[in-house]
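Here the sequence shown stands for residues 7 to 265, where the numbers follow our numbering.
Glycine residues also receive a C-beta, built at the ideal position from the N, C-alpha and C atoms.
Fair warning: this is a prediction, and the values are worked out from it, not measured in the lab.
To start, the structure itself, in structure tokens.
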Amino acid sequence: MIWLVTRLRRDMALWDRPTRIAVALGAVLLIAALILLIAAPSEMRRIILVGVVALLIVIEISVLWGNRSMVSAFTRGQRLYLEGDFTAVRDLLESVHAKADARALTLLGNTYRQLGQLSESESVLSEAVDKAPNHYFPLYGFGRTLLSEGRYAEAVVAIRSALDLNAPPVVRADLGEAYYRLRLPDEALAALQAAPTDEPHRALMVGFLLYQLGAAEPPAPEVVRAGLPYWEAAAERFRHTPYGLALSRDVRAMLNQGT
């Protein structure tokens with residue numbers, strides 16, 4: 007139950023304003039009806055119970071309407087994104103851009119970044135943040151794009167804001183990298199040491215940066231081999247930015263460590 011309430015609160019931040027108002031009003035009326043149901047004379051309870059059921063139906067319909075993007079373009083786009091078909095994701099979500107919610111806009115902005123279209127990514131993710139300023143999802147994507155552009159101080163602000171809004175702990179890896187690029191070793195060390203390293207590319211980058219900071223041994227050759235293709239592709243994708251140039255130097259250092 008607690009998980010459902012938490013998930014609903016997070017999803018509501020991405021809905022349009024009328025839907026949020028409808029669900030909130032329905033919840034208030036439902037609480038009032040339940041209180042009245044308990045306090046009312048027995049002969050009135052059947053009528054009130056009908057009202058309670060009606061309110062539950064209205065709330066359920068509103069929730070389904072709020073999450074409508076999850077079963078349409080967003081769901082198809084997310085599936086294509088996981089398959090690595092970023093061009094198809096871009097084409098799909100651009101066609102619904104005018105009506106997209108914050109979730110779909112964030113996916114489109116992240117897709118632009120994967121395609122190296124950083125200006126478009128920043129613009130769309132800014133739009134997503136404006137639509138859902140209290141949700142970590144667009145803020146984190148925005149921070150990743152700023153990091154990819156080499157705007158490290160701004161990336162720190164966005165990523166820290168995402169963490170303040172309960173972004174997953176893995177986001178600390180990106181925060182640590184941004185601090186490292188800013189030459190703030192103490193802050194970088196604290197973030198990197200708190201970051202999970204379940205994914206091969208994150209395990210490599212976190213291990214490499216901790217080694218550069220003198221806090222760990224160099225990554226093992228198998229860790230380098232598993233994670234390096236991701237960073238080689240990223241260095242190529244962002245080769246025209248300060249971040250891409252820095253990443254290219256890191257990739258060469260990782261290669262030397264992995265041999």
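Checklist entry - Taking the runs of the alpha helix (DSSP H) that are 4 residues or longer, which of them lie wholly in the region 91-164? => result 92-100, 108-120, 124-137, 142-155
Checklist entry - Can the beta-carbon of Ala168 be found closer than 7 Å to that of Tyr185? => result no
Next on the checklist: Using only the alpha-carbon positions, how far apart do Leu190 and Glu223 sit?
Outcome noted: 20 Å
Checklist entry - In three-state DSSP terms, what is Ser78? => result coil
Checklist entry - So, using beta-carbon positions, are Gly233 and Ala259 closer together than 7 Å? => result no
Checklist entry - With a Cβ-Cβ cutoff of 7 Å, do Arg178 and Ala201 count as a contact? => result yes
Checklist entry - CB-CB under 6 Å to Leu42, same chain, minus the five flanking residues each way: which ones, in chain order? => result Ile54
Item to check | 8 Å contact criterion, which Phe80 and Ala110 should meet: CB distance rounded | outcome: 5 Å
Checklist entry - Between the C-alpha atoms of Arg82 and Leu114, what's the straight-line distance to the nearest angstrom? => result 12 Å
Next on the checklist: With a threshold of 8 Å on Cβ separation, who are the neighbours of Ala94 within its own chain once the five nearest residues in sequence on each side are excluded?
Outcome noted: Leu86
Checklist entry - Given that a residue counts as buried once 16 or more other Cβ atoms are within 10 Å of its Cβ, and exposed if not, what is Leu145? => result buried
Checklist entry - Under a three-way DSSP split, which group does Ala201 fall into? => result coil
Item to check | Top-ranked residue by Cα proximity to Thr151, from Asp170, Asp256, Tyr118, Ile44 | outcome: Tyr118
Item to check | N-terminal and C-terminal residue of the alpha helix (DSSP H) that Ala226 is part of | outcome: No alpha helix (DSSP H) contains Ala226, which DSSP labels as neither H nor E.
Next on the checklist: Any beta carbon of chain D sitting closer than 7 Å to that of Ala134?
Outcome noted: The structure shown contains no chain D, having only a single protein chain.
Next on the checklist: Less than 7 Å between the C-beta atoms of Glu155 and Leu131, yes or no?
Outcome noted: no
Next on the checklist: So, for Val58: in the same chain, excluding its five sequence neighbours on each side, which residues have a beta-carbon less than 7 Å away from its beta-carbon?
Outcome noted: Leu36, Ala39, Leu40, Leu43
Item to check | Integer Cβ distance of Gly182 from Ala194, believed to fall under 8 Å | outcome: 5 Å
Checklist entry - Are the CB atoms of Ala241 and Ser254 nearer to each other than 7 Å? => result yes
Checklist entry - Going by beta carbon distance, what residues of the same chain come within less than 7 Å of His2, once the five residues before and after it are set aside? => result As shown, the chain starts at 7 and ends at 265. That puts residue 2 outside it, with no answer to give.
Checklist entry - Taking DSSP as the reference, what is the three-state secondary structure of Asn262? => result helix
Next on the checklist: Alpha carbons only, please: which of Ser78, Pro47, Ala28 is nearest the one belonging to Ile63?
Outcome noted: Ala28
Checklist entry - Which of the three DSSP states, helix, strand or coil, is assigned to Ala232? => result helix
Checklist entry - Run through DSSP, which three-state label would Val56 get? => result helix
Checklist entry - Do you know whose CA, among Thr247, Glu66, Ser48, Asp204, lies nearest Tyr158's CA? => result Thr247
Next on the checklist: Please state the DSSP three-state secondary structure of Trp9.
Outcome noted: Note on Trp9: pLDDT 42, under 50, position unreliable in the model; the coordinate value appears next. Looking at Trp9 - three-state DSSP - the assignment turns out to be helix.
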